[in-house]
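Protein chains: 2
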Amino acid sequence: MNIDRINAAHARISGAIRRTPLLSAPLLDEIAGRRVLVKPECLQLTGSFKFRGGMSAVSALPQELRARGVIAFSSGNHAQGVALAARRFGVPAVIIMPSDAPQMKIANTRAYGAEVVLYDRGREDRDELGARLSSERGLILIRPFDEPEVIAGQGTCGLEIAEQAAELGIAEAEVLVCCGGGGLTSGIALALEAKAPGLRARPVEPEGYDDTARSLRSGTRERNRSEAGGLCDAILTPSPGQLTFPIMNRLCGPGLVVSEDDALRAMALTFAHLKLVAEPGGAVALAAALFHGTELAGDTVICTISGGNVDPQVFARALERGPG
Amino acid sequence: MNIDRINAAHARISGAIRRTPLLSAPLLDEIAGRRVLVKPECLQLTGSFKFRGGMSAVSALPQELRARGVIAFSSGNHAQGVALAARRFGVPAVIIMPSDAPQMKIANTRAYGAEVVLYDRGREDRDELGARLSSERGLILIRPFDEPEVIAGQGTCGLEIAEQAAELGIAEAEVLVCCGGGGLTSGIALALEAKAPGLRARPVEPEGYDDTARSLRSGTRERNRSEAGGLCDAILTPSPGQLTFPIMNRLCGPGLVVSEDDALRAMALTFAHLKLVAEPGGAVALAAALFHGTELAGDTVICTISGGNVDPQVFARALERGPG
């Protein structure tokens, strides 16, 4: 993995993806005590950065393979990203989703034209189900993060951050990234290394699912103790990826860990001051910027809002919780 | 009023305002039965387009007048726009707001550093209060829409729409604008006349407050029957402006009228598919695009989301109502 692959992904997908803006709000700066710039990937098509990786991977397939169709496992954001990417190329997509995934994610994945196969997390073996479907139908598996073309696609978000920071005259800043398997974090880290070496990526995770933060401390891939669900469903992966971890280990600053309550408060502040819908897992980086300022360096922090695919009930809970 | 004044406003304020993107979502196109492009002014600083007009008017004042400070009447969006504009120039702002304005709007106006003076809609005379404060302190009144520099500032939104439509190769479309006093609608209409003559502005209002639609039909300024409050507080004005109406009458297509329920449904769809927070008055144009398609011409419609300053309780009501 290197910058050339990210540049190549950018050349393939830049006409299809949205270049998300870099936003700010004076009242968030006051809360954080420094300048806060937000990269709202909730405004990306399909409501999360995952469309970048989905488009990158599907567009990189040789045409004869792509025509067979694609398959993916996902609790929802990768599902929608791959589903819309497949639709853009007019090829079938089968998405295997846990039956307890957020309803909006299941409904939207179907609305993008994918065949959704639900499985019971507790009783069925997802990998076996996927292997059977993919061999029966000859579908190509698009992994959610441990896949070079997916990492390259997510890296296009880092290219944009590098450009937008330069436009604002920002040469040094920490870049907080909502982190599950590390596809977005490692992609952004690689892009920043090449294009904005004064910007440093730092992964942010929810309490109890801090596998990446612990892995960066120990230098080896650690696993989460729990695999139970949590509010931040989008970023609950058992451990950092085989491909993503070495990149993060080489390039990232220490991981940050926030509580679910911090994520809800950040969602309420995103509603109030940015007029954006963040999902819990997509709000952890902003939560770190706002509520963990003592762990940050510099007078400017850039943070991703990685997605906004949240069920209304959960969003209402964040509004009720409020920012205080 | 003409395009030169809008261009001049753009030159003064373009470094301070946000150039909002033009967004879309495949699933909204399906609902509307045509391509829907959204201009999300909820992403403007202060959460509504009013910051454009506020910056334009405050920046146009001669320095010695500006230094005395400014005063504005507003239920909330103009309040915030003028408050932040005054802060950017380091001059005082006094904002007269009804005591039943949305709490978020009052709180944010104060947070931008303005002195908020609340009055009782039923018992106090707003104009008298404003005249007294302004003469006592020598403050300069910034009118919410019937003020050339405010119209010129709102017109910069139209300049952006013209440019963004051209980038997408769109030469003909209807441009739906959430309409209160007509500052945004007339500003956009003037900008489109000069820069994108195939694009036509059409005002959208809530049922019961369709003064502009009726005025466009009769050719003379009509008044709303009710002045009671409503869900769409941002766009409830008694009648179109003296300056704005002749512009709208010359340039706009027929007005559209949607129900409050349509506005709530559009808010729920904005949440689901655009990941944006729209306030009820800011959602009426999208509501017209989605639910009043038979009243529209062409295969593409562009609509403003004029603001997102909504209290959590009202937003929760839209989520509960849902899009169906």
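Protein sequences, first through last, are from chains A and B.
Start counting the first sequence at 1; every next residue gets the next number (UniProt numbering).
Start counting the second sequence at 1; every next residue gets the next number (UniProt numbering).
Ideal Cβ positions, reconstructed from N, Cα and C, are used throughout, including at glycine.
In this structure, the CA atom of GLU147 (chain A) is about 11 Å from the CA atom of GLY187 (chain A). In the structure shown, LYS275 (chain A) adopts coil according to DSSP, grouped into three states. Around the beta carbon of PRO197 (chain B), a 10 Å sphere encloses fewer than 16 other beta carbons of the protein chains shown; the residue is thus reported as exposed. Contact note: LYS39 (chain A) does not reach chain B at a C-beta cutoff of 7 Å; the least C-beta distance is about 13 Å. Nearest to ALA16 (chain B) by alpha-carbon distance, out of B:ILE247, B:THR156, B:HIS273, is B:THR156. Chain-order list of chain B residues neighbouring VAL277 (chain A): THR270, PHE271, ALA272, LEU274, LYS275, LEU276, VAL277, by C-beta distance under 9 Å. Taking 3 residues as the minimum length, the beta strand (DSSP E) runs contained wholly in the segment 97 to 185 of chain B are 115 to 119, 173 to 178, in order along the chain. For ARG18 (chain A), same chain residues with a beta-carbon under 7 Å away, outside a window of 5 residues either side, are LEU43, GLN44, LEU45 in chain order. ALA79 (chain B) is outside the set of residues whose beta carbon lies under 8 Å from a beta carbon in chain A. Taking each of B:GLU163, B:GLY122, B:ARG123, B:ALA72 in turn and checking the Cα distance to GLY138 (chain B), the smallest one comes out for B:ALA72. Residue pairing for GLU295 (chain A): DSSP places it in no beta bridge. The residues VAL258, ASP262, ALA263, ALA266, in chain order, have a CB closer than 6 Å to that of ALA287 (chain A) in the same chain once the five nearest residues on each side in sequence are set aside. DSSP assignment within the segment 28 to 58 of chain B yields the following whole beta strand (DSSP E) runs of 3 residues or more, N-terminal first: 35 to 40. At a cut-off of 8 Å between beta-carbon atoms, CYS232 (chain A) makes no contact with chain B. A straight line joining the alpha-carbon of ILE161 (chain B) with that of SER306 (chain B) spans about 13 Å.
Distances from the alpha-carbon of PRO240 (chain B) to those of B:ALA131, B:HIS273, B:GLY182, B:ALA285 put B:GLY182 closest. Our two residues, GLU260 (chain A) and MET1 (chain B), have alpha carbons roughly 52 Å apart in a direct line. The bridge partners DSSP lists for GLU205 (chain A) are A:VAL257. Per DSSP, ALA11 (chain A) is one residue of the alpha helix (DSSP H) stretching across 3 to 13. The alpha-carbon separation between GLY293 (chain B) and ASP311 (chain B) amounts to approximately 29 Å. When the five nearest sequence neighbours on each side are left out, the beta carbons in the same chain lying within less than 7 Å of the beta carbon of PHE271 (chain A) are those of LEU319, in order along the chain.
A check of alpha carbon separations from LYS275 (chain A) across A:GLY324, A:ARG12, A:PRO40 identifies A:PRO40 as the nearest. Nearest CB-CB separation between ALA297 (chain A) and chain B: not below the 8 Å threshold. For ILE247 (chain A), the enclosing alpha helix (DSSP H) begins and ends at 244 to 251. Residue contact check for PHE315 (chain B) against chain A: a CB pair falls below 8 Å. Excluding its 5 nearest sequence neighbours in each direction, GLN164 (chain A) has C-beta neighbours in its own chain below 7 Å: LEU22, listed in chain order. For THR304 (chain B), the enclosing beta strand (DSSP E) has its first and last residue at 300 to 305.
In the three-state scheme derived from DSSP, where H, G and I count as helix and E and B as strand, LEU236 (chain B) is classed as coil. CA-to-CA, the gap between ALA107 (chain B) and THR237 (chain B) works out to about 22 Å.
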